[in-house]
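Peer 1: Have a look at this one before I ask anything.
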Amino acid sequence: MTVPTGVVSRVPLVDLSGAFEPGPQRGEVVEAIRRACEDVGFLVITGHGVADDLVRRVDAASRRLFALPLDEKMAWGRASDNLRGYVPLRSSTLALAHDEVTPPDLSELYTVGRFDDPAAAVRAGLREGQDEGRSAFFAPNVWPDPERVPDFREALTACYGMLEDLAAKLMGLMALALDLDEHWFDDKIAEHITGLAVLHYPALQEPPLPGQYRRGPHTDWGSLTILYHDGQPGLQILSPEGNWEDVPSVPGSFVVNLGDLMAAWTNDRWVSTLHRVVVPDRVTGDRISVAFFHQPAYDALIECIPTCTSPDDPPRHEPVTSGEWIRLMIEKTTTYA
């Protein structure tokens, strides 16, 4: 469970092999997760069970999509009543979530969810006559033309299913690390409203503006994020000492980090760490990442976990629903509010 030789980072490497079945390996992994979540809120995982060829398919299909002309991509664009589809370059400024003003981020993205089946959306909380801001989380996907972007829908749908399963397993291990029953989170995430985003950071044709990032300093907003990236440099975390440090790139791995709702659930015993994607100092190519932003059910009430409070450490956060929180963050950081 150590970082490979030559990779120096406070972000630990955790091998999940054997962790999803009872046995000594599970106990070791649970303890490693607990330490990582308390110390830095980030870990790099291997042994996760997601096939490399599936990740490569998503990467290849995403590159085909982002290579298309802008007007063609905009035909599949996101709208205020549908948080799905394409978002162009410079459309978000993530640092605004923490009231830091920077130029817009140098990234474009495409987001999909799990509600192509209307019945699934109703089960998860879609109701007739509800406000547009809420219903946007239950909207069906906007898929590109399969003739123009072959295998995009198939690859992302398969990837969503695999990461959905992995996220549920990770939440179970995290429950154990919090001295809870393994299934404590189950009813709070069964009808999750997770978005899977493929992000593209184009190769720069001109220098960035002063203070401009590929993705500005931010925390993630939900319970956890599972991230693949193509190995290009740029992802950094803010250390407890106030220094920006690179997150190691390990072939075949995912980066997992905690979001704000997990920090609130745990009364800040676990940390949601500021991170960013910087523009490299040297000339590099474009960069692709795939992020599964795991978000509890829209109406899940996020309040302090019983094992994370005591008479000497009362709850620090007012209860909030998952949906209320993510809507606030979207309104602060994008042009789609």
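At the far end of the sequence shown sits residue 1178, using the working numbering, and the numbering has no gaps. Backbone N, C-alpha and C define an ideal beta-carbon position, used for all residues, glycine too.
(1) Find the nearest neighbour of Leu1079 within the set Gly1057, Ala1009, Met1012, Lys1173, judged by alpha-carbon distance.
(2) Could you name the residues of the same chain whose beta carbon sits closer than 7 Å to that of Gly882, not counting the 5 residues immediately before and after it, in chain order?
(3) By Cβ distance below 6 Å, which residues in the same chain neighbour Arg931 in space, the five residues on each side in sequence not counted?
(4) Does Pro959 come out as helix, strand or coil in the three-state DSSP assignment?
(5) Could you say which of Gly890, Met1170, Leu947, Gln1136 lies nearest to Thr1066 if we only look at CA atoms?
(6) Using a Cβ-Cβ cut-off of 8 Å (strictly less than) and excluding sequence neighbours within five positions of Pro1092, which residues of its own chain qualify?
(7) If we call anything under 7 Å between Cβ atoms a contact, is Trp1106 one with Ile1167?
(8) Between Phe978 and Gly1164, how many whole angstroms is the CB-CB distance? I'm expecting something under 8 Å.
(9) Would you kindly work out how many angstroms separate the C-alpha atoms of Trp984 and His1041, rounded to a whole number?
(10) Measuring alpha carbon to alpha carbon, tell me which of Leu857, Met1103, Val899, Leu1076 ends up nearest Pro991.
(11) With a cut-off of 8 Å, do at least 3 Cβ pairs link the stretch 1038-1054 to the stretch 1080-1087?
(12) How should Val942 be labelled, buried or exposed, when 16 other C-beta atoms within 10 angstroms of its C-beta is the threshold for buried?
(13) Beta-carbon within less than 7 Å of Thr934's beta-carbon, same chain only, minus the 5 sequence neighbours each way: which residues are those?
(14) Tell me the DSSP secondary structure of His1024 in three-state form.
(15) Sorted by chain position, which residues of the same chain lie with C-beta nearer than 8 Å to Ser903's C-beta, five sequence neighbours on each side aside?
(16) Can the beta-carbon of Leu1004 be found less than 7 Å from the beta-carbon of Phe1133?
(17) Could you compute how far the alpha carbon of Tyr916 sits from the alpha carbon of Asp1122?
(18) If Ala961 sits next to His1059, beta carbons under 8 Å apart, how far is it from one beta carbon to the other, in whole angstroms?
(19) Under the rule that 16 or more other beta-carbon atoms within 10 Å means buried, what is Arg925, buried or exposed?
(20) To the nearest angstrom, how far is it from the Cα of Tyr1139 to the Cα of Thr1162?
(21) Going by the beta-carbon positions, is the gap between Glu949 and Pro929 smaller than 7 Å?
(22) When you compare the CB positions of Val953 and Asn982, do they come within less than 7 Å of one another, or not?
(23) Use the C-beta contact count for Leu911: other C-beta atoms within 10 angstroms, 16 or more gives buried, fewer gives exposed.
(24) Within the same chain, show all residues whose beta-carbon is closer than 7 Å to that of Leu909, passing over the 5 residues directly before and after it, in chain order.
(25) From which residue to which residue does the beta strand (DSSP E) around Ile1078 run?
(26) Spatial neighbours of Gln1053 within its chain, please: C-beta separation below 6 Å, excluding the five flanking residues on both sides.
(27) Cβ atoms of His889 and Leu1014: under 7 Å apart, would you say?
Peer 2: This is what the structure gives:
(1) Gly1057
(2) Asn1098, Leu1099, Trp1111, Val1112, Ser1113, Thr1114
(3) Pro945
(4) helix
(5) Gln1136
(6) Gly1072
(7) Cβ atoms of Trp1106 and Ile1167: not closer than 7 Å.
(8) 7 Å
(9) 17 Å
(10) Val899
(11) no
(12) Counting the other Cβ atoms within 10 Å of the Cβ of Val942 gives fewer than 16, which makes it exposed.
(13) Result list for Thr934: Thr943, Pro945, Asp946, Gly1057, Thr1174, in chain order.
(14) coil
(15) Tyr951, Phe993, Val1039, His1041, Ile1129, Val1131
(16) yes
(17) Per the sequence presented here, residue 916 reads as Ala, with Tyr not at that position. Roughly 34 Å separates the two Cα atoms.
(18) Rounded, the Cβ-Cβ distance is 29 Å, inconsistent with contact.
(19) buried
(20) 7 Å
(21) Yes, the Cβ-Cβ distance between Glu949 and Pro929 is below 7 Å.
(22) yes
(23) exposed
(24) Arg989
(25) 1076-1079
(26) Pro944
(27) no
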